[in-house]
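One structure below.
There are 2 protein chains.
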Amino acid sequence: MANPASLTSHQVRLAARPVGLPTPANWQFTEEPVAEPEDGGIVVKTLALSLDPAMRGWMNEGKSYIPPVGIGEVMRAGGVGRVVASRHSGFAVGDTVAGSLGVQTFARFGGADLKRAGLNKIDLQLGTVTQWLNVLGMPGMTAYFGLKDVGLPQAGETLVVSGAAGAVGQTVGQLGKILGMRVVGIAGGAAKCAWVVKELGFDACIDYKGGAVKDGLKEHCPQGVDVYFDNVGGDILDTVLTRINRKARIVICGAISQYNATEAVKGPKNYLSLLVNRARMEGMVVFDYADRYPQAIAELAGYLKDGRMTSREDVVRGGVDAFPDTLLKLFSGENFGKLVLQLADE
Amino acid sequence: MANPASLTSHQVRLAARPVGLPTPANWQFTEEPVAEPEDGGIVVKTLALSLDPAMRGWMNEGKSYIPPVGIGEVMRAGGVGRVVASRHSGFAVGDTVAGSLGVQTFARFGGADLKRAGLNKIDLQLGTVTQWLNVLGMPGMTAYFGLKDVGLPQAGETLVVSGAAGAVGQTVGQLGKILGMRVVGIAGGAAKCAWVVKELGFDACIDYKGGAVKDGLKEHCPQGVDVYFDNVGGDILDTVLTRINRKARIVICGAISQYNATEAVKGPKNYLSLLVNRARMEGMVVFDYADRYPQAIAELAGYLKDGRMTSREDVVRGGVDAFPDTLLKLFSGENFGKLVLQLADE
């Protein structure tokens, strides 16, 4: 293992807050020597970074569920890495860890930073590096707790999930099937829809680029919609609102269609369907469930192992300089599966 | 008591579905002789009718929580009346009843109709005829179950209620005070706001006609908003969404600002505040709680009796022909308290 003092970390920093889609002007590339870890600290080499729709929100000024990334700061990103230097008794050189590494090739943590970064050792017997950023990582945790704790799913009910081929959606739908629900996805394009049905076992998938979502819901949800897991917002949320059942639960997990809006976010004009149907729309933030991640990871890893669940990651290989362009794939819907930027193999 | 066969019922029927605010062209006035009740049936003389924002929805075509009023049918209305003829063992001539009487001076019910109309004998010892259309009637039931079962109020939390001087709002706020909450109303005009604070005991009331609701919320809800009971929708809902606390509950009871909209309903563009705050927006329809009305009526009547609660009705006296104009007072916000059309004293 190299002496950290001889290492250089390449970093992507937020240079300016974007208006609409991020552009090259929003980013700054820097490099810095990596100092030895302080007492109680570690240095981690980034193997792979998670690229998430939520990143767009972190780039905005203003109060949200976590503080925005500051101008000049390394862009926040979850990742998997390998410990390359340690002065912490709980981490050994060679350990694989997951947590908030940032968009940089090496991350140096003081003892106090480790908890803030949510850094944990992970077991590659349970899943691959990229699965640890997907079904065993934040997207999987979001799917698990959003569906179970907020969606309150019942066997026999109909679950609709948007962004069905994406990181969260793929796990939501497969969990719904395991729970005995009828599961209908909404995704962009015939290839994603085919995969969602054939590989993930959803009952149907509506291609929002290929026809009216309303007609698809009528056809594939003949008993109406009991749980809607919303990753996209916008017109699709509005359309699903017209098809919900009495006492339906809408899980507001995200609204990728609105994150780059330069005009006001589009509110769901059909929200009074909540009244007519005594239904509920509820937001969730995965961090609230951190105490229960181990239980969820164990359960999901079990499903991966016994074949009841699969996962798909869209892995882009490159340096941190590939981050800006790779991120844009999320907003064009170009990614197919959980989007990961893989910086190194080991 | 007059022989029903000699009675004439004056009726207001829906002539055409309105676009925007109802106009005279939407109504038809008819009169009919009142037949003797059939075996198991009764005839009721209407004393007072409840005028409710929900009536506007019942005039629209299309699926809602109850079927629309059909063209040519007597307009649906809750009311209090007196039994003037009975061939039903459970009702005697002279009994006072409440239920769905319709906008007519006499209502004739077959045995099978009684349950559908929700007709029950009422006790005028517990409240006046107009209170039975207000705090002891549908508005009071809506307030009680909407706040308790959907709002999940906790002592010490902050409750905001729009339409605070209206039928539902006045009871919601007073219940909130009884439950130990900080209660802030939103109402239109200084007179209503003064009454809400001085007579009902709210902690504050924001006059939406007199200034920015946002500033009022900042001033009067220094700890944020935990429960928002929404009767109005529109911009006020959107503004409250910017002030909610983590795990806040928004009770969607109505949206009077939108009922006469000729363009699309305005969706709450700040709905992603639900996500950031892990908050919930949930609709309610009072009929779902019918089994528990007796318990709620007993509790609310107790508060009226011991002075912990008061009520205000805006009573218009007139014939059924006064119904169309009186209804419009609701949508201009001209009514001050629960709007009632009183047709007769006994």
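Residue numbers (our numbering), protein chains in the order written: chain A, 561 to 906; chain B, 561 to 906.
Ideal Cβ positions, reconstructed from N, Cα and C, are used throughout, including at glycine.
Cutoff 8 Å: residue i Cβ touching any chain A Cβ
| i | result |
| --- | --- |
| Asn837(B) | yes |
| Met561(B) | Caution is warranted here: a pLDDT of 48 is assigned to Met561(B), below 50, making its placement in the model unreliable, and the coordinate value is therefore given only provisionally. It does not: the Cβ of Met561(B) has no partner Cβ on chain A nearer than 8 Å. |
| Glu717(B) | no |
| Ala824(B) | yes |
| Arg852(B) | no |
Residues that residue i contacts on chain A, provided the C-beta gap is smaller than 7 Å
| i | result |
| --- | --- |
| Ala815(B) | Leu832 |
Sheet register partners of residue i (DSSP bridge)
| i | result |
| --- | --- |
| Glu823(A) | DSSP output for Glu823(A) lists no bridge partner at all. |
| Thr583(A) | DSSP output for Thr583(A) lists no bridge partner at all. |
| Ser722(B) | Ile746(B) |
| Pro593(A) | Thr568(A) |
| Leu515(A) | Lying outside 561 to 906, the shown extent of chain A, residue 515(A) is not represented and no answer is given. |
| Leu574(B) | Trp587(B) |
| Ile810(B) | Tyr788(B) and Met841(B) |
| Val629(A) | DSSP output for Val629(A) lists no bridge partner at all. |
| Gly639(A) | Leu609(A) and Gly659(A) |
is_contact[residue i, chain B] using C-beta, thresh 8 Å
| i | result |
| --- | --- |
| Met619(A) | no |
| Asp795(A) | no |
| Arg840(A) | yes |
| Pro828(A) | yes |
| Ile812(A) | yes |
Proximal chain A residues relative to residue i, where beta-carbon distance stays under 8 Å
| i | result |
| --- | --- |
| Met701(B) | Per Cβ cutoff of 8 Å: no residues; Met701(B) is ~14 Å from chain A at best. |
| Val845(B) | Leu835, Val836 and Arg838 |
Proximal chain B residues relative to residue i, where beta-carbon distance stays under 9 Å
| i | result |
| --- | --- |
| Met698(A) | Ordered by position in chain B, no residue passes the 9 Å Cβ test against Met698(A), which lies about 15 Å from the chain. |
Chain B residues whose Cβ lies nearer than 7 Å to that of residue i
| i | result |
| --- | --- |
| Asp923(A) | No statement about residue 923(A) is possible, as the shown extent of chain A runs from 561 to 906 and does not include it. |
C-beta neighbour in chain E for residue i, strict 8 Å
| i | result |
| --- | --- |
| Asp881(B) | No chain E is present in this structure, whose protein chains are A and B. |
beta-carbon residue i near the ligand NAP non-hydrogen atom, thresh 7 Å
| i | result |
| --- | --- |
| Ile812(A) | Among the components of this structure there are no ligands whatsoever, and the ligand NAP is therefore not found. |
>> As an exercise, report each continuous beta strand (DSSP E) stretch of at least 3 residues that is fully enclosed by the region 729-802 of chain B, in chain order.
In response: 742-747, 764-767 and 785-790
>> Please identify, using Cβ separations under 7 Å, the residues of the region 605-637 of chain B that lie next to chain A, in order along the chain.
In response: Ser624 and Tyr625
>> At a CB distance below 8 Å, what residues from the region 768-800 of chain B approach chain A? Give them in sequence order.
In response: Gly793 and Asp798
>> So within the region 643-719 of chain A, which uninterrupted beta strand (DSSP E) runs reach at least 3 residues, ignoring any that extend past its ends?
In response: 656-660 and 666-669
>> Please give me, in chain order, every unbroken run of the alpha helix (DSSP H) with length at least 4 that falls completely inside the region 834-883 of chain B.
In response: 853-865
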